[in-house]
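From first to last, the protein sequence lines stand for chains A and B.
The first sequence maps to residues 80 to 223 in the working numbering.
The second sequence maps to residues 226 to 325 in the working numbering.
We treat Cβ as the ideally placed atom computed from N, Cα and C, and that holds for glycine.
All values reported here derive from a predicted model rather than from experimental measurement.
Below is one structure, written out as structure tokens; the observations come after it.
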Amino acid sequence: MKHFTYQGKAKLILPAERAALEGLRDWVEEIADSLATPLRAKHQILIAVDEIFTNIASYSYAGKPGFAGVSVDFDEEARELILTFEDEGVAYNPLEAREPDIEAALEDREIGGLGILMVRQLMDSVEYKREENRNILILKKRTV
Amino acid sequence: MKLTITRNGSQMTGSLCGKLDTVNAEQFSRDMQPLMDAADGDIVLDCTALDYISSSGLRLFLTLRKQVAAKGGKLTIRNLNEGIREVFAITGFFNLFTIE
């Protein structure tokens with residue numbers, strides 16, 4: 080099947096709440112499918128969406144209501160999907176987060192930090208910017 | 226996400242199907258209670274039909290693993306796809322589980 084030629088940027092504005100994750104996940108999955116993204120790359124992208132949006136929903140607004148913007152862009156030449164997450168919550172650069180000890184014994188293992196570790200490893204690049212009052216996180220992943 | 230639990234003699238097998246992500250983690254946490262209750266026995270997680278797992282799912286695997294360690298049971302994970310193997314490698318989960 081010839082893939083649909085995805086053009087331009089698509090953007091969603093969502094409440095920064097866990098309840099919004101399912102719709103976001105399904106939306107990104109539809110875009111990935113329209114680009115004939117191989118299954119494994121698609122799953123890696125969906126994991127990253129889960130981790131980043133869940134972080135924003137859980138921490139960004141410290142329990143107060145807020146919004147998150149998620150945009151999806153596609154670089155046809157590089158066959159690269161570009162996901163941008165924006166929020167106006169507390170300044171937080173996940174790339175500076177302490178890395179979890181993945182060698183720790185079972186009784187000492189903690190789950191915190193594994194999500195961002197996975198995002199860093201599964202995406203081709205992750206970039207953080209703070210612009211005015213916004214956290215901007217840009218993920219890139221080749222869909223080949 | 227669907228969890229089907231079957232019992233074969235003294236062994237309990239949980240077969241996972243679909244995506245184990247934050248959307249489904251709460252439901253899965255409730256569904257896996259019979260496995261938590263049987264943590265002193267022989268438990269198998271069959272991941273043949275598991276598409277992928279995010280950190281919310283890893284957290285629940287770890288919860289079950291700790292419960293099994295505390296109760297003196299045995300936990301084996303079977304049939305991980307390549308993508309989930311990669312996630313286990315990144316997070317050091319291969320060191321924590323018996324994988325077949």
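### Task
Closer than 7 Å, Cβ to Cβ, to anything on chain B: give me those residues from the stretch 125-146 of chain A, in chain order.
Leu125, Ile126, Asp129, Glu130, Thr133
### Message
Is it buried or exposed, A/Asp180, if we count other Cβ atoms within 10 angstroms and call 16 or more buried?
### Response
Classification of A/Asp180: exposed, given that the 10 Å Cβ count is below 16.
### Query
For A/Val205, which three-state DSSP category applies?
strand
### Query
Under a CB-based cut-off of 8 Å, is A/Ile215 close to chain B?
No, its Cβ sits nowhere closer than 8 Å to a Cβ of chain B.
### Message
When you compare the stretch 226-235 of chain B with the stretch 202-221 of chain A, are there three or more beta-carbon pairs, one atom per stretch, that lie closer than 8 Å?
### Response
no
### Query
Any idea which residues DSSP pairs B/Leu232 with across the strands?
According to the sequence provided, residue 232 of chain B is Arg. The question's Leu does not apply to it. Partner(s): B/Met237.
### Message
I'd like the span of the alpha helix (DSSP H) that includes B/Ser280, first residue to last.
### Response
280-296
### Message
So, for B/Ser235: in the same chain, excluding its five sequence neighbours on each side, which residues have a beta-carbon less than 7 Å away from its beta-carbon?
### Response
If we look at B/Ser235 and ignore the five residues flanking it on each side, its Cβ neighbours are Gly266, Asp267.
### Message
Would A/Glu159 and A/Lys121 be called neighbours here (beta carbons separated by less than 8 Å)?
### Response
Against a cut-off of 8 Å, the Cβ pair of A/Lys121 and A/Glu159 comes out as no contact.
### Exposure of B/Gln258, with buried meaning 16 or more beta-carbon neighbours within 10 Å
Classification of B/Gln258: exposed, given that the 10 Å Cβ count is below 16.
### Query
Can you name the residues of chain A whose CB is closer than 9 Å to the CB of B/Ala294?
Leu185, Glu186
### Query
Assuming A/Met197 and B/Val312 make a contact with CB atoms under 8 Å, what is their CB distance in whole Å?
In this structure A/Met197 is in contact with B/Val312, their Cβ atoms being roughly 6 Å apart against a cut-off of 8 Å.
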